[in-house]
Every structure is written in structure tokens, then in C-alpha cells.
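Keeping their order, the protein sequence lines are chains A and B. Just so we're aligned, residue 1 is where the first sequence starts under full-length UniProt numbering, counting upward by one. Just so we're aligned, residue 1 is where the second sequence starts under full-length UniProt numbering, counting upward by one. Comments concern the structure below.
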Amino acid sequence: MERSLGELKPGERACVERINGGGALRRRMMDMGIVPGVELEVVRCAPMGGPLQIRLKGYYLAMRRGECAKIVVSGEQHKAIEHTLASR
Amino acid sequence: MKIALVGNPNVGKSTVFNALTGSNQQVGNWAGKTVERKAGTIHRDNLEIELVDLPGTYSLTAYTQEEIVTRQYILREKPDVVMAMVDASNIERNLYLVLQILELAPRVVIGLNMMDLAKSSGISLNAAELTKALNVSVVEIVAAKGVGIDKFLAEAVRVGLLKKDPLVRQVPYPSELEEKIQAMENLLKDISWASQYPLRWLALKRLERDPEIGQEWQSVSAPESSKDKKRETCCDSGDALNYKLKNIIELPGNDLLQSYEEEGWTKDHFEMAFADAKYNYISQILPRFLIQEDLRKPSLTDSLDRWILSPIWGYPVMILVLALVFWASFIASAPLGEAVSQGMAWAADFLVSLLQWIQAPAFLTSLVRDGIFAGVGAVLAFVPQIAIFFAFFSFLQDSGYLARAAFLGDRLMQLMGLHGKSFFSLVSSFGCNVPGIMATRTLEDPKDRLITMLLNPLIPCVPRLGVMSAVVAAFFPGTRGAMIMLSLLLISMLLVMISALFMRKVVDQKERSAFVMELPLYHLPTLRNVLWPTWHKTYTFLKRAWTFILAASIVVWLLSSFPQGVPMNSTWAGKMGEWLEFIGKPLGFDWKIMVAIIFGFTAKETTLSTLGILYGVAADASQSIAQAMTGAMSPLRAYTFLVVYMLYIPCLASVVTTYKESGSLRWTAFGIAYNLILSFIIGWIIFHGGQAMGFQ
Ligand SMILES: Nc1nc2c(ncn2[C@@H]2O[C@H](COP(=O)(O)OP(=O)(O)OP(=O)(O)O)[C@@H](O)[C@H]2O)c(=O)[nH]1
Ligand SMILES: [Mg+2]
Chain A
1 MERSLGELKP
11 GERACVERIN
21 GGGALRRRMM
31 DMGIVPGVEL
41 EVVRCAPMGG
51 PLQIRLKGYY
61 LAMRRGECAK
71 IVVSGEQHKA
81 IEHTLASR
Chain B
1 MKIALVGNPN
11 VGKSTVFNAL
21 TGSNQQVGNW
31 AGKTVERKAG
41 TIHRDNLEIE
51 LVDLPGTYSL
61 TAYTQEEIVT
71 RQYILREKPD
81 VVMAMVDASN
91 IERNLYLVLQ
101 ILELAPRVVI
111 GLNMMDLAKS
121 SGISLNAAEL
131 TKALNVSVVE
141 IVAAKGVGID
151 KFLAEAVRVG
161 LLKKDPLVRQ
171 VPYPSELEEK
181 IQAMENLLKD
191 ISWASQYPLR
201 WLALKRLERD
211 PEIGQEWQSV
221 SAPESSKDKK
231 RETCCDSGDA
241 LNYKLKNIIE
251 LPGNDLLQSY
261 EEEGWTKDHF
271 EMAFADAKYN
281 YISQILPRFL
291 IQEDLRKPSL
301 TDSLDRWILS
311 PIWGYPVMIL
321 VLALVFWASF
331 IASAPLGEAV
341 SQGMAWAADF
351 LVSLLQWIQA
361 PAFLTSLVRD
371 GIFAGVGAVL
381 AFVPQIAIFF
391 AFFSFLQDSG
401 YLARAAFLGD
411 RLMQLMGLHG
421 KSFFSLVSSF
431 GCNVPGIMAT
441 RTLEDPKDRL
451 ITMLLNPLIP
461 CVPRLGVMSA
471 VVAAFFPGTR
481 GAMIMLSLLL
491 ISMLLVMISA
501 LFMRKVVDQK
511 ERSAFVMELP
521 LYHLPTLRNV
531 LWPTWHKTYT
541 FLKRAWTFIL
551 AASIVVWLLS
561 SFPQGVPMNS
571 TWAGKMGEWL
581 EFIGKPLGFD
591 WKIMVAIIFG
601 FTAKETTLST
611 LGILYGVAAD
621 ASQSIAQAMT
631 GAMSPLRAYT
641 FLVVYMLYIP
651 CLASVVTTYK
661 ESGSLRWTAF
671 GIAYNLILSF
681 IIGWIIFHGG
691 QAMGFQ
């Protein structure tokens, strides 16, 4: 099931499928570790359409909804990449 | 030996730099504080080491201004050793940059910083295993506590003195990619230009079509001497270096690139594939040196964020924090300021009686009392405010709260059409507009950058706030003062919002800005990180008071005392004011205020010292400016003055910085004109609106 990251609810996890659109923004995300296969968790959303707090690779990111809409994720992943995800 | 500190943003590079060189680079817990390179010299074992602190970057494919500074330094200055700093609590992403560095620079030492944070979040790292995995020396450090820093440097020096470049383990690329890389390597290996960089790195970059490959650059030293900068600004802006394109070399491989592109291997595809390979490699080697305990209990950051970032509680907490900072620095500090004023008055009286006792000429007595003490004294009275403000500010910066405030405030920034990182620039401007303008370098889009740059002057910096609170305290004593101060801050915020929308139109920005920002873990700020910047800021301010403000005070005193024996408004200052009066008239300003405003162009505190002198001289007795001014102005006029003072051009230094950062005379002039016209219009509305509503 494919969704965009922005559609996840707080507490939900999903795996990055691909990043739509190219150029600087995609590269930036790549540099921050958002590459296909990585597991993301939406921690919370700021109210009134504010940014999302996301956890990946054991650290936190804030991202606007516009950017989140470009990240396509697929349902929960059960593969064992647990060690890379701080379960803090 | 040239050693460079490189790493992701916010990993503690400047902390290490400060510890090793005794400098005062800005340190704080959010990404993107350092925006310009800064060099310092260290002597170790008969070696002179030039250590360079660089802006943090997530990768060596740079796009924002401050990342470009780092990239250019590594590529064009070729440091002998790179001290690659890594955040141990976030090692997986950090290693991505390290792998890039290893491909480019042969001599690297890894500093595993924040070992304390890693431990408290249940991560245990085995440095020896990491060394083995990458074949690079690794030093564990806790920079904030000074642990391991010396060892880190010693290790870097050792690697720098090695006879031969150490062999680093290479990132394994999938075979399909490896073939392509090798094909490119074969084409490049005989080119003499290529010998200055590692072949593999060059081939990768050529496949990514990096524009800099094949270019030769020459450094041209920055036009203005660094001494100059230090005098005029209250903040050190680093050691900028400019480059000029010298030569472009035609490299082979265009046909190869062409044929790859036809197979679908575009520049983007290559970039993605290389990044993928690196991340894969990292997750392969990670289990060898990292053990993640499965901690059930949430970390400190999690528990704090539950409140601080809460959709419901987040905003009340933020308002409370801001209120506390401004209340403590500009209202609760009043008795301290008063005490300084008292002290200055006593000192003045003492000196004057001393001068009279030795029968010094009258003009000298007047210079001391009405010039120096009235002027410099007025400015010194808000030293406590500056100190308190910076103590709070540094605490917030170093704790990690600022990034949270940016998260919560981002909705508002979006409404204004601003980039999320503009928040940091605007907040820095409360300290001083110069670093605020410099901080716009972290914005990718040049138009976003320009908009934020032009908005910065509307944020009142601490010296401005200090002057304002001094005037407020004189005219509106008690709780009324707090309300007036609050209203002024609200006016400034409102104008920032309206101006942001206006600037978007003017600059013709249609893009919706992106915002991807790291939320760092909270730290307990160290005493050094709070007290040292506080002291430094206060000290620079004091220094300016006894150099620049002193000189300005003497000039103003001269202008307002000569020709001697004539009434005040026929002195030179009076004449000058007379010409300017027509501008001030619609706002209800008399000539003294106009003169003070003009002098405020040089540095904003000068306005207060000038007012002190002009009103003090008129009163012909040593009374506080508060008393002198309240006698001469109605509260409405004072309020109008406060608003205009807050909004018109910040100061010379900020104008110069805007010019340097925007590189455009036109936009700088536009910014000045905008501020002047805006302040005039708002002042007019307040003055006449207030009169119509029956205020005086
Ligand atoms: N807990 C902990 N905090 C540290 C350590 N080293 C540095 N810090 C803190 O980490 C934060 C970032 O440090 P900086 O030195 O400003 O980082 P930087 O790498 O120069 O950051 P940029 O200039 O933004 O790239 C500051 O709040 C430091 O006090 C450490 O070993 N442990
Ligand atoms: Mg730094």
C-alpha cells in the first residue's frame, strides 16, 4: 500500500519507497538519510498544518507537509533493520 | 600544518575549535551556527598548526552558502589533515559524510563526539572496531567537557606527519556501478590536472557531473582588512576568502557520459546510486561497532518534547519562555541599570569637583560632565540588560530549545511565506543584526535569502532594546513600561510579517520554501557556553562604549558647545538640527531628536548618548537623561520616537553586511529606503493617530 509520508498518523512507521521530484530537495533528503528502504516514524505533527516531527536512523527531523507529500512510503516494514533505529 | 574541522552541523566542531584555540566561535544546540570559515593558530611540539573551523554540512555536494564555504575549503585549500567530527548518538547518518571525506582526503582522523549523549541513549560504541572497519584512527571525545580533545589533536598531528598517505578502506560499489567508475578512472588517470585529487573521487564526481571538476580557482583575499571589520561590528564574522576562476580544463569522458545517459544513467541516477551504496555499506559495518540497547524508558529528550512540542502545551510554554527572557532582561534589570547610573553620577560629580579643585578650565569640566559622562554614562546604564539578555539567550541556544521554537513557529513562518530556517536568522538578530544577516546563508534559495536579509533590520537588537528600555523607563515608569515594551515588540513582529509578504512581491518569490531541519537532543548547557558568550558580548559592548561611543560623545559635545556662549540652538549641532527639523516635524520631533537619530546611524547606542548630551547640556546640571527628557517631551512624542528609533536603519555595520551578503548595491539601497520610509510612515500614523485619539 503506497502513501505519502504526510498521510501517516503520529506513531505510525513506514518505509521509504521513493522520493518524487528531483533536484536539490531530493539530494538534501538523501544527505539526511532519507533514501529508499529507510524506515521512518512520524512522532508528532504541529497543529494547524504545521511541520511533522519524524524519526529515522535514531535522530529527529522536522519537515514541512509540502516536503512530506513528496516522500512515498509503503506500509510497515518488518525486516530486521532494528539495530539502525534507536528505540529511544 | 593545516588542519580542518569538518562534520555534520551541530556535532561540536566549534566547541573543539574554541577549546583548542581559545577563540569565541558561536556555539549552540541547533544546526547551522557557523557560516564562515575561521582560522586559529596553535603551537604543538614545535609545529605551527593552522586549525580551521568550518560550517557544518551534510554532504560535500553543497548547495547552501555555508556548505559551499566548507566544500571550497576542502577542495581548494586542501588541508593536510581533516578532523572529521561525528555525533556518536547519531552515528549512522554522520558516517555518510565521513565516507565522502575519506574518498576525497587521504589523511583523516575521526572524532567520536557526544559520547556522553550516546551512552545515555543506550548506544555503546566500540572505537577500536570502527577503526578496523574503516582503517582510520578514531578518538572518543566529549567536547563539551573537554574530554579527549587533546588526544584528538595529537592524533591528527600524528597522521599529518606520516610519510605516506594511509590506505583507507574503500566503499564497495555494486559491480555494475564499479565498472562505470573504473571506465571513467581509466580515462582520467593520465591527465595531469587530475593528479591533485584522488582518482576515485574524481571519477565519481565526473559521473555526477559536478561542475567544479576541471576548474582551477585562485584565491583573492577579501577586499577589506579584518581589523576593519572588528572595529565596526559587534560580532566577528569570520575569515572570508573569495575565489576567482583561473582556468577551465577540458576533461575527457564526455562521450562516455553521453552513452551512460542514453542507458538511463543520468547525473541524478548516479548520485542516488552512490548514496545508496554508501548507506548500504554503513548499515553493513554498523553492527560491528554499535550496540543499541533496547531502552524501554523514554529518553530525556522524549519526555521533554512531550510537553515542549505538544500541540496544546507547546505554545503556552513558548510564550512563557519568551516572556521570562524579556521580562528578566529589560524590566527586572531596571534596578541594576539604575545602580550603574547612580554610580556614574557619583563618579562624574567626583571628577568634576576634582577638576574644579585643580582649577581646570571650564570647558574641560563641561566636556567631562556634559560630554563624556552624559554620553557614555547613558550607554553604560544598560550593560546589565545586555548581560542578562545574553545569559538567557545563550542558555536557550545551548539547550536545544531554539530548534523547538522553530518547529512550533514554523506555521507562522509559512503564513509569511518564509523559509523555516529564516527563524534562526531572525532570532539571532535580537542579539545583533550582523550575525542575523550572516545566518541567512543557511537558506538554499537566493530569493528566500534576500527576503530574510531585508527583514532582519526590523528586529530590534539588544543595544536598540537597551536604549528603548531606558527611554521607556523614563517616560512610563512601573508596569506601564512593561506594556509599552511589549507593544513595541508586537509592532516589530507585525511589521516583520507584513513586510515579509510585501518583500515576497518585490523580490518576486513564487516558490514555496522547503524546510527540513534536524531537531537535536537536549543538552544541559555548560557553564562555559552560557557565561563565556555573555561575558564576551558584554565586554565588546563595554569596549565600544569607551572607544566608539566615547569618540562620538566628544564630537557631539563639541558640536553642541561651539561656538561658545550662544544659545543651544545656534551651536553647530543646533544648526544641523535646524536643517533636519522639517523631516522630524510631521512626527513631532524637535531638532535634538533629529540629531540623535542621525548619529544613531553609526551605532544605535549613539542615539542615547547623543540625547544624553543634548538634553544634559541644555539642563546645565548633572541630572539623568530621564529627567531631562521627560521635561522636554510628551509621552506620545516619546512613543513615536521609540517606534521610529526601533525601525529606521539598524546601523552602519548591518548595512555593510547586507551589502556584502547580498552582493547588490541596489538591494542594499532598497533595504535602507524601505526602513526609512516605513519608520517614517508608522511614526506619522502613531503620532497623528495618537493625537486624534486624545493622547498627548
Ligand atoms: N552533551 C554534549 N554536548 C556537546 C558535546 N560537544 C558539544 N556539545 C554541544 O553540542 C552543541 C553543538 O556544538 P557546536 O560546537 O556549536 O557544533 P558545530 O559543529 O560547530 O555546529 P555548526 O557550526 O552549527 O555546524 C552545543 O550545544 C555544544 O555545547 C559533547 O561532547 N556532549
Ligand atoms: Mg560551528
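Ideal Cβ positions, reconstructed from N, Cα and C, are used throughout, including at glycine.
Check: Let me confirm a value: residue 621 of chain B is counted as buried when at least 16 other C-beta atoms fall within 10 Å, else exposed. Which label applies?; Outcome: For residue 621 of chain B, the predicted model reports a pLDDT of 48, less than 50, meaning its position is unreliable; a value from the coordinates is still stated below. Exposed is the call here.
Check: Is the segment 170-182 of chain B in contact with the segment 105-121 of chain B, if contact means three or more CB pairs nearer than 8 Å?; Outcome: no
Check: Identify the contact partners of residue 129 of chain B in chain A, using a Cβ-Cβ distance below 7 Å as the criterion.; Outcome: What residue 129 of chain B touches in chain A: nothing, since even the nearest Cβ is about 14 Å away.
Check: Less than 8 Å between the C-beta atoms of residue 42 of chain A and residue 56 of chain A, yes or no?; Outcome: no
Check: With a 10 Å radius around its C-beta and 16 neighbouring C-beta atoms as the bar for buried, classify residue 599 of chain B as buried or exposed.; Outcome: buried
Check: Tell me residue 111 of chain B's beta-bridge partners as DSSP assigns them.; Outcome: B:85 and B:139
Check: From residue 5 of chain B to residue 31 of chain B, what does the alpha carbon distance come to, in whole angstroms?; Outcome: 15 Å
Check: In the DSSP assignment, what are the bridge partners of residue 51 of chain B?; Outcome: B:3 and B:40
Check: Under 6 Å Cβ to Cβ from residue 525 of chain B, same chain only, skipping five residues before and after it: list those, please.; Outcome: 395, 398 and 399
Check: Mind listing the chain A neighbours of residue 90 of chain B? Cutoff is C-beta to C-beta under 8 Å, in chain order.; Outcome: 57, 58 and 59
Check: Any heavy atom of ligand 2 closer than 7 Å to the beta-carbon of residue 53 of chain B?; Outcome: yes
Check: Quick check on this structure: which residue in B:315, B:373, B:363 and B:323 has the alpha carbon closest to the alpha carbon of residue 343 of chain B?; Outcome: B:373
Check: Taking the CB atoms as reference points, tell me whether residue 80 of chain B and residue 7 of chain B lie closer together than 8 Å.; Outcome: no
Check: State yes or no: is the C-beta of residue 704 of chain B nearer than 7 Å to some heavy atom of ligand 2?; Outcome: Beyond the ends of chain B as shown, which are 1 and 696, falls residue 704 of chain B; an answer cannot be given.
Check: Pull up the DSSP beta-bridge partners for residue 219 of chain B, would you.; Outcome: B:243
Check: Note down the Cα distance separating residue 85 of chain A from residue 338 of chain B, rounded to an integer number of angstroms.; Outcome: Its pLDDT being 38, under 50, residue 85 of chain A is placed unreliably by the model, and the measurement read from it follows with that caveat. The alpha-carbon atoms of residue 85 of chain A and residue 338 of chain B are separated by roughly 55 Å.
Check: Do you know whose CA, among A:75, A:72 and A:50, lies nearest residue 63 of chain A's CA?; Outcome: A:50
Check: At a Cβ threshold of 8 Å, is residue 408 of chain B touching chain A?; Outcome: yes
Check: Could you check whether the segment 205-220 of chain B touches the segment 238-246 of chain B, counting it as contact only if at least three pairs of C-beta atoms, one from each stretch, sit closer than 8 Å?; Outcome: yes
Check: Using a Cβ-Cβ cutoff of less than 7 Å, which residues in the same chain neighbour residue 440 of chain B once the five nearest sequence positions on both sides are dropped?; Outcome: 425, 449, 452, 453 and 661
Check: Would you mind reading off the limits of the alpha helix (DSSP H) that contains residue 315 of chain B?; Outcome: 314-330
Check: Shortest alpha-carbon distance to residue 74 of chain A belongs to which of A:8, A:9, A:17 and A:12?; Outcome: A:17
Check: Going by the C-beta, is residue 428 of chain B closer than 7 Å to any heavy atom of ligand 2?; Outcome: no
Check: Give the range of the alpha helix (DSSP H) segment to which residue 656 of chain B is assigned.; Outcome: 652-662
Check: For residue 14 of chain B, is the beta carbon positioned less than 7 Å from some heavy atom of ligand 2?; Outcome: yes
Check: Is residue 692 of chain B helix, strand or coil by DSSP?; Outcome: helix
Check: Within 10 angstroms of the Cβ of residue 667 of chain B, are there 16 or more other Cβ atoms? Answer buried if so, exposed if not.; Outcome: buried
Check: If you reduce the DSSP assignment to three classes, tell me which class residue 176 of chain B lands in.; Outcome: helix
Check: Check whether the Cβ of residue 34 of chain B sits closer than 7 Å to any heavy atom of ligand 4, and report yes or no.; Outcome: You won't find ligand 4 in this model; what it holds is ligand 1 and ligand 2.
Check: Which residues, in chain order, does the segment 55-70 of chain B contribute to contact with chain A at a C-beta distance below 7 Å?; Outcome: 58, 59, 61 and 63
Check: Taking C-alpha atoms, which residue in B:13, B:155 and B:650 lies nearest to residue 142 of chain B?; Outcome: B:13
Check: Who are the Cβ neighbours of residue 352 of chain B in its own chain at under 8 Å, not counting the five residues just before and after it?; Outcome: 365, 368, 369 and 622
Check: Looking at residue 114 of chain B and ligand 1, is the gap between the Cβ and the nearest heavy atom below 7 Å?; Outcome: yes
Check: Grab me the residues of residue 387 of chain B's own chain with a C-beta within less than 7 Å of its C-beta, minus the 5 sequence neighbours each way, in chain order.; Outcome: 534 and 538
Check: Please indicate yes or no: does the CB of residue 56 of chain B lie closer than 7 Å to some heavy atom of ligand 2?; Outcome: yes
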